[in-house]
Amino acid sequence: MENSNYSKLQMTALVGLRLLIGWHFLYEGVVKLLNPNWSSMGYLMGSQGFLKGLFQGIGTSPTIVGIADFVTIWAMIAIGVTLIFGFLLKPAAFAGMFLLALFYLAYPPFPGIESSAPTEGSYIIVNKNLIELFALMVVMAFPTAKSYGIERFFVKSTSVPATT
Amino acid sequence: MSEQQDKKGFSRRDLLKGLVGIPIVGGLFTAAYAKYTSDAKVKSTILSGLDIKAVAPPSSGPMSGNAIRLGVIGFGIRGKQLMRALGFADKKWKEEMIEATKKNPNDTRLKDFMGQENLNVQIRGVCDVFDTYGEMAVETGTVDGNKPTRYRTYEELIASPDIDAIVIAAPDHWHAPMAIAAARAGKHVYVEKPMTHNISETYELYNTIHESGIVFQVGHQHRQTQSFLTAIDALNKGSLGHISLIQTNTNRNDDNGAWQYEIHEAANPKTVDWNQFLGNAPKIPYNGEHFFRWRKWWEYGTGLSGDLLTHDFDRINCLLKMGIPKTIVASGGVYTHNDGRDVPDVFQVVMEYPEFKMTTSQEQGKEKGMTFMYSATLGNQYNRGTILMGHDATMELGNSMIIYADPRSTRYADWLKDGTATADVPLYSYDPRAKGLDGVTSATAKYFADKGLLFTYRDGKRVDSTHLHMREWLSCIRNGGKPSCGIEEGFQEAIAAHMGTLSLKTGRRVEWDATARKIVGFENAAIDNILVSTGKISV
Chain H
1 MENSNYSKLQ MTALVGLRLL IGWHFLYEGV VKLLNPNWSS MGYLMGSQGF
51 LKGLFQGIGT SPTIVGIADF VTIWAMIAIG VTLIFGFLLK PAAFAGMFLL
101 ALFYLAYPPF PGIESSAPTE GSYIIVNKNL IELFALMVVM AFPTAKSYGI
151 ERFFVKSTSV PATT
Chain D
165 MSEQQDKKGF SRRDLLKGLV GIPIVGGLFT AAYAKYTSDA KVKSTILSGL
215 DIKAVAPPSS GPMSGNAIRL GVIGFGIRGK QLMRALGFAD KKWKEEMIEA
265 TKKNPNDTRL KDFMGQENLN VQIRGVCDVF DTYGEMAVET GTVDGNKPTR
315 YRTYEELIAS PDIDAIVIAA PDHWHAPMAI AAARAGKHVY VEKPMTHNIS
365 ETYELYNTIH ESGIVFQVGH QHRQTQSFLT AIDALNKGSL GHISLIQTNT
415 NRNDDNGAWQ YEIHEAANPK TVDWNQFLGN APKIPYNGEH FFRWRKWWEY
465 GTGLSGDLLT HDFDRINCLL KMGIPKTIVA SGGVYTHNDG RDVPDVFQVV
515 MEYPEFKMTT SQEQGKEKGM TFMYSATLGN QYNRGTILMG HDATMELGNS
565 MIIYADPRST RYADWLKDGT ATADVPLYSY DPRAKGLDGV TSATAKYFAD
615 KGLLFTYRDG KRVDSTHLHM REWLSCIRNG GKPSCGIEEG FQEAIAAHMG
665 TLSLKTGRRV EWDATARKIV GFENAAIDNI LVSTGKISV
């Protein structure tokens, strides 16, 4: 249940985190949607680590890649929109964590696994995908949509009794 | 709550907090739109400025009508590849490919072969001096009730009245004698590179082809590579400015790449017609090393010059039509495979074109001349790309094509100044693979693939370039027209290669007299002797 007794700092941190992750998801989705040449195939085929068979298997079939592309783009946009507007936070955060887990497992930053994808930092076991995944868990565990978000209207209409 | 509430029971604060997403999404889309339009503007400025047409080349004519009746000479490594390009795969290869596909589902070689267009040809005759290969060729060419005849000699095959055209995949020292005999008999010819083994036969073949009027194609299949056709358009539109230096390379580091081919266990003096193999080469007793690894000796092969420099020379010649160089200097040695071979495994050639001119962005007359460099080692496979260096930009060329603006370019000065172009991000890149990926196995195969020698793309689909090259030849036979690598191109390729070997062996700078159309300072017969002799010559 949503706790409305967060301190100002806590609320700022939690809502801020939610909006920033939402922004990130939405923009990643929109960019892919606007680029007619974008495809997840290269990403899938470059997969490394213990699940590379699965990812490369998906990447081999143009039909499945087409479905994967569609699902990825619209899932990212939907997750972004729900996080930003503040409704259905739990399923959105859960779906986002699931996607991030796939991204993490496609290129796991484990010792001994060479990745062909260039990275801008140095990572061992922990990388930004994993951190964003846990940040989404925070967003899910400490909901804020009833304070800042569309869910506020639903709370109001059902839980504010006439007191006079 | 003390604030004033609207009639639905929500305060202004409720609205602000509830709709916090709207300004955020608005901000995101404003920023995204600004970035998108600015990126699109840069892209359209560059694309319309360069005006490079990345269109697929027109397909050669229809393959309809009567089947063309072919005779194939040589069923070794290349002969088998040529037969596959024609639509006939040997059983052993098919079995290997089924295994390869099982091991690696990304390996599409079998699928590509099965998807190849039917070229409407029949293999009527085959000839290979090794019984095992000869019989394999018969088996491979047997389709739909048509069984090719195995001829014992190439003369008999050429003389056969039910053969229209000849494919020659014999060792280098047999290319010209077979092609000349076929042309004199009025048979069309597809001959592997290099076109000839020495100078005299280069002139003889040239004259014979002109007199015979047959359709003649040299096997430089990269002429079909889609990226090369796009590169030609880019160069014609001056995207590089004046090119002063071209760098091409061969880098291999495996036995196959160093011509250490497998010696077939069934080969012996009884199963190999050794005398016929030797032909004009010195008479020596049979040995499997010379028979299967003939590329390692000058008597049969043409070394790195004829074997691999010719590919790079012709790739560039097809882009720039620069022809035979004014002078050539070459050097090299046997440095990585001291196994008794006498052709070098490390080899460099520098060709000078003092009169070479291109579209320029600078004042007329300032730029003239170009150097073409070829550098090869069979002891390291670090990938050094093919690089064309112009005043305005650098082009890196393989199956894909990338152009980088030069920081000091005249043509792109404004773009570099306002940030439309930067030197470290490609100005233009063209990759016909688009969304596809390739499963290529051996290291040597990868090297070729990178150069556009193994396969190319049509409508995003991977196609064997040799298949397209042979298709073009067959189309010219059927529908008329001129093959892209005919006798003129073959002559230039062969002369340049032989000049390289001549320079290597004599330690001299070798000069071409374009008016007299001959190599300066040598009689043809003398050059022929030098080309097949072992070791350094003193002149």
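Protein chains in written order, with the working numbering: chain H, 1 to 164; chain D, 165 to 703. Yeah, the Cβ is synthetic: ideal placement off N, Cα and C, and Gly gets one too. What you are looking at is a predicted structure, and each value in this text was computed from that prediction instead of being measured.
- Residue state for residue 419/D is assigned as coil, using DSSP reduced to three classes.
- Taking every protein chain shown into account, the CB of residue 270/D has fewer than 16 other CB atoms within 10 angstroms, so this residue is exposed.
- Judged by beta-carbon spacing, residue 636/D lies within the 7 Å limit of residue 224/D, meaning their Cβ atoms are closer than that value.
- Exclusion of the five residues before and after residue 571/D leaves 580 and 587 as the residues of its chain whose Cβ lies within less than 7 Å of its Cβ.
- Residue 443/D and residue 56/H have their C-alpha atoms roughly 52 Å apart.
- The beta-carbon distance between residue 361/D and residue 491/D, rounded to whole angstroms, is 23 Å. This is too long to meet the 8 Å contact definition.
- Minimum Cα-Cα distance from residue 229/D among the listed residues 620/D, 297/D and 286/D corresponds to 286/D.
- Using beta-carbon distances, residue 669/D does not count as an interface residue toward chain H, since no partner is under 7 Å.
- Here residue 21/H has 83, 96, 132, 135, 136 and 139 as same chain residues with Cβ atoms under 8 Å from its own Cβ, once five neighbours each way along the sequence are excluded.
- Between residue 85/H and chain D, the shortest Cβ-Cβ separation is below 7 Å.
- Sequence-distant partners of residue 395/D (beyond 5 residues in either direction) whose C-beta falls short of 7 Å from its own C-beta, in its chain, are 483, 559, 561 and 565.
- When C-beta atoms of the region 500 to 520 of chain D are compared with those of the region 531 to 544 of chain D, three or more pairs fall below 8 Å, so the two segments count as touching.
- Within the region 255 to 278 of chain D, those residues whose Cβ lies closer than 9 Å to any Cβ of chain H are, in chain order, 269 and 270.
- Between residue 292/D and residue 239/D, the gap from beta carbon to beta carbon is short of 7 Å.
- Classified as exposed, residue 62/H has fewer than 16 neighbouring CB atoms from the shown chains inside 10 Å of its CB.
- In the structure shown, residue 194/D adopts helical secondary structure according to DSSP, grouped into three states.
- In the structure shown, residue 560/D falls within a strand segment according to DSSP collapsed to helix, strand and coil.
- Here DSSP, grouped into helix, strand and coil, assigns residue 88/H to coil.
- At a cut-off of 7 Å between beta carbons, residue 150/H contacts chain D.
- Taking 9 Å as the cut-off between beta carbons, the residues of the region 9 to 35 of chain H near chain D are 15, 19, 22, 23, 26, 27, 30, 31 and 34, in sequence order.
- No Cβ-Cβ contact shorter than 7 Å links residue 401/D with residue 383/D.
- The C-beta of residue 326/D has fewer than 16 other C-beta atoms within 10 Å across all chains shown, which makes the residue exposed.
- A residue is called buried when at least 16 other Cβ atoms come within 10 angstroms of its Cβ; residue 626/D meets this threshold and is buried.
- Residue 352/D carries a strand assignment under DSSP once its states are collapsed to helix, strand and coil.
- If the five residues before and after residue 322/D are omitted, its C-beta is found closer than 8 Å to the C-beta atoms of 235, 330, 342, 345, 346, 349 and 351, all from its own chain and listed in chain order.
- Nearest neighbour of residue 128/H by Cα position, chosen from 86/H, 104/H, 90/H and 91/H, turns out to be 104/H.
- In the three-state reduction of the DSSP assignment, residue 413/D falls in the strand class, which pools E and B.
- Residue 60/H has a beta carbon lying within less than 7 Å of a beta carbon in chain D.
- Contact of residue 147/H with chain D by beta-carbon distance below 8 Å involves 181.
- Non-local C-beta neighbours of residue 472/D in its own chain, meaning closer than 8 Å and more than five positions away in sequence, comprise 414 and 540, ordered along the chain.
- Using a Cβ-Cβ cut-off of 8 Å, residue 153/H is close to 174, 178 and 182 of chain D, given in chain order.
- Sequence-distant partners of residue 315/D (beyond 5 residues in either direction) whose C-beta falls short of 6 Å from its own C-beta, in its chain, are 289, 291 and 321.
- Classified as exposed, residue 689/D has fewer than 16 neighbouring CB atoms from the shown chains inside 10 Å of its CB.
- One thing to note: residue 435/D has its Cβ no nearer than 7 Å to the Cβ of residue 276/D.
- Contact between residue 668/D and residue 691/D does not hold, since their C-beta atoms are separated by about 13 Å, which reaches or exceeds 8 Å.
- Using a CB distance cut-off of 7 Å, residue 218/D does not count as an interface residue toward chain H.
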